[in-house]
Every structure is written in structure tokens, then in C-alpha cells.
Amino acid sequence: MMVHGRNLPPITILYEDNHLLGVEKIVNVPTQADVSGDMDMLNLLKEDIKIRFNKPGNVYLGLVHRLDRPVGGAMIFAKTSKAASRLSDAVRTRKFDKTYVAVVHGHPPASQGRLEHTLLKDEKTNIVKAVPKGTPGGKDAVLDYYVLGQNDHYSLIQVVLHTGRSHQIRVQCKEMGCPLYGDQKYGSSVNKPGQQLSLWSCSVGFPHPVTKEYIQLISIPPREYPWSEWQESIYQSAARQPFV
8 MMVHGRNLPP
18 ITILYEDNHL
28 LGVEKIVNVP
38 TQADVSGDMD
48 MLNLLKEDIK
58 IRFNKPGNVY
68 LGLVHRLDRP
78 VGGAMIFAKT
88 SKAASRLSDA
98 VRTRKFDKTY
108 VAVVHGHPPA
118 SQGRLEHTLL
128 KDEKTNIVKA
138 VPKGTPGGKD
148 AVLDYYVLGQ
158 NDHYSLIQVV
168 LHTGRSHQIR
178 VQCKEMGCPL
188 YGDQKYGSSV
198 NKPGQQLSLW
208 SCSVGFPHPV
218 TKEYIQLISI
228 PPREYPWSEW
238 QESIYQSAAR
248 QPFV
């Protein structure tokens, strides 16, 4: 099913019931309203629910997790405050699974591994840096990566997040020596202006807040460069069966 918004491409609905709304986030659309004033996913979806279900007044839609503006892919929203609270608990207790795919410059030092850093965000500049452990304000960041494919210049990796820090994948891949393709903020020395950041939320999994059934939302990157350098079956496998 598609949702059509103002001057935006249609949004694909991945899952919906009375408690949840899972969608494929549009690339370069903010998750929630920001200083740009651009239409955001949260308000776009609220507007759609209001129209589709003929709801008077304000529509509730809870934000459970976020994706950076340039990132597309699977994302879940809560349609009730109870669902939002229970999903937030799942995030806190690490029962909320997030798997990404990314195209990075170069080749990681191993075919799979764990990256652990302490990250500190400068709220004024919106820049995140890796800092020594114990730095005031620093937060632990942990992810696992697995190399899915390589060519002469790039690697396709699967990333399983164990913490949800701002810009975490982008900063930790830079620290590994493999900045993301198209990342102007953390890889400006190897990327050209205008290139699209190649980071995609391919799977989000969690216990349903009411039925407790395990729900998994799957989204595959578009068949565009550099994603098109690898077969779609690789993305399907990475989304459905995490390697790490």
C-alpha cells in the first residue's frame, strides 16, 4: 500500500494494525520536524491516517526510533501511547533489533568484527566524534559488521546495532578507515558533493507490543548505484537472516 504526500514520492507501508504503522522511510525526508521546515515523516503519516480513517482532531503517532535524514528504509511508528511505551521499553532493553546495509569506501580490516567507541555529540554543530573512554558526556557505541561483498573500490557491509547513538554507523565506519559512500559530513575527503549517502535500514524487528509476536519489517535499497553493484538476493538475505 502507498501513502501519497505533498510533493513527495509515495510511501510504502510495510505493516499496519490498530497499534503499529511500519513504513519505508523516504530518503532525504526528516524523521520529525526540524529547523528546515520541510515536510517530515511523522507529520506526513499523521496526515495520512487522518484522511484514510476520517479521524477528527489530532492524530496520535508515537516516534519510537529515528533515522538520519539521508537514510531510507524500514521504520516503525506507534499508533497508541501504550504501544509507544512498550516499544520504547524494547529499545531500552535491547529487544529491538536494527539491521542496516551500507556501502563503504575501501575494505574493512576483517570480514566481520565488532566496533566499540565512545561517542560525543556537539549539539551546536550536530557533529559526533569518537573520544577517549571516560570523556564527560561520551556514550558507549557498539556495532557488529559483516562484509557481504566487495569490488575494487567499495565494500557492502551489514551492520547490526547494539546501541542507538546519533550518527553511530557513519562515525564508527569512519574510525575504521572506511567512511560511507556519499557521506559529506564524515567522509568529505573521499566523497563528491551531491552523492547520496549509502546507508539503509533493511530490517527492524521487535516483539509486538500487544500480541508479543515477533514482528520483522524488511526493506531493500533501490536498484541504484552503488547499491546496484550487488545482487538483490544479497540484500534479501542480509535483511531476513542477520549474519552476525
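All residue numbers for the sequence shown refer to my numbering, where the first residue is 8 and numbers rise by one. Quick reminder that beta carbons are idealized off the backbone N, C-alpha and C, glycines included. Quick caveat, the model's predicted, so the values are computed rather than measured.
* Just tell me which of Leu27, Pro200, Gly145 has its CA closest to the CA of Leu94. => Of the candidates Leu27, Pro200, Gly145, Leu27 places its Cα closest to the Cα of Leu94.
* Since Leu74 and Lys32 are thought to touch, with beta carbons under 8 Å apart, how far apart are those beta carbons, to the nearest angstrom? -> Contact between Leu74 and Lys32 holds, with the beta-carbon distance rounding to 5 Å and staying under 8 Å.
* Between Ser240 and Arg230, what straight-line distance do the alpha-carbon atoms span, to the nearest angstrom? -> Taking the straight line from one Cα to the other gives about 12 Å.
* To do: Can you give me the Cβ contacts of Thr87 inside the same chain, cut-off strictly under 6 Å, excluding the 5 residues immediately before and after it?
  => Excluding positions up to five away in sequence, the list reads His26.
* Less than 8 Å between the CB atoms is what I'm expecting for Val111 and Cys185, so what's the real figure, rounded? => Contact holds; Cβ gap of about 4 Å.
* Within the same chain, show all residues whose beta-carbon is closer than 6 Å to that of Arg172, passing over the 5 residues directly before and after it, in chain order. => For Arg172, where only same-chain residues beyond five positions count, the Cβ hits under 6 Å are Leu126, Lys146, Ala148.
* Compute the Euclidean distance between the alpha carbons of Ser235 and Asn158, then round it to the nearest angstrom. => A direct Cα-Cα distance of roughly 12 Å separates Ser235 from Asn158.
* For Cys209, the first and last residue of its enclosing beta strand (DSSP E) -> In this chain, the beta strand (DSSP E) harbouring Cys209 covers 206-214.
* Say whether the stretch 192-209 touches the stretch 89-103, bearing in mind that this needs 3 or more beta-carbon pairs closer than 8 Å, one atom from each stretch. => At 8 Å Cβ cutoff, the stretches do not touch.
* CA-CA distance, Phe103 and Ala81? -> Each residue's Cα considered, the two are about 13 Å apart.
* Are the beta-carbon atoms of His72 and Val98 separated by less than 8 Å? -> Their beta carbons are under 8 Å apart, which means His72 touches Val98 by this criterion.
* From which residue to which residue does the alpha helix (DSSP H) around Ser226 run? -> For Ser226, no alpha helix (DSSP H) segment is defined, and its DSSP state is neither H nor E.
* Of the residues Ile134, Leu204, Ser226, Lys89, the one placed nearest Val78, counting alpha carbons only -> By alpha-carbon distance to Val78, the top candidate from Ile134, Leu204, Ser226, Lys89 is Leu204.
* **Residues near Trp237 by beta carbon distance below 8 Å, same chain, minus five either side** => Listed in chain order, the non-local C-beta contacts of Trp237 below 8 Å within the same chain comprise Leu155, Gly156, Leu163, local neighbours out to five positions each way being set aside.
* To do: With DSSP as the reference, label Val36 as helix, strand or coil.
  => In this structure, Val36 counts as coil in the three-state DSSP scheme.
* Asked: Between which two residues does the alpha helix (DSSP H) harbouring Val66 extend?
  -> Premise fails: Val66 is in no alpha helix (DSSP H) and is neither H nor E.
* Asked: Going by other Cβ atoms of all chains shown within 10 Å of its Cβ, with 16 needed for buried, is Phe84 buried or exposed?
  -> Buried is the call here.
* Count the other CB atoms, across all protein chains shown, that sit within 10 Å of the CB of Ile58; report buried if there are 16 or more and exposed otherwise. => When all chains shown are included, Ile58 counts as exposed.
* **Unbroken alpha helix (DSSP H) run spanning Ala245, endpoints** => 239-247 is the span of the alpha helix (DSSP H), which, as asked, contains Ala245.
* **From Gly44, Tyr188, Tyr107, residue whose alpha carbon lies closest to that of His114** => Its Cα nearest to that of His114, the residue Tyr188 stands out among Gly44, Tyr188, Tyr107.
* Through-space distance from Arg177 to Gln223, alpha-carbon basis -> A direct Cα-to-Cα measurement between Gln223 and Arg177 gives close to 24 Å.
* To do: Could you check the C-alpha separation between Tyr67 and Gln39 for me, to the nearest Å?
  => Going by the C-alpha atoms only, they are around 14 Å apart.
* Local Cβ density within 10 Å of Val42, reported as buried at 16 or more and exposed below that -> With fewer than 16 other beta carbons inside 10 angstroms of its own, Val42 counts as exposed.
* Asked: How long is the line joining the alpha carbons of Val254 and Met46, rounded to whole angstroms?
  -> Given that the chain is displayed from residue 8 to residue 251, the structure contains no residue 254 and the question cannot be resolved.
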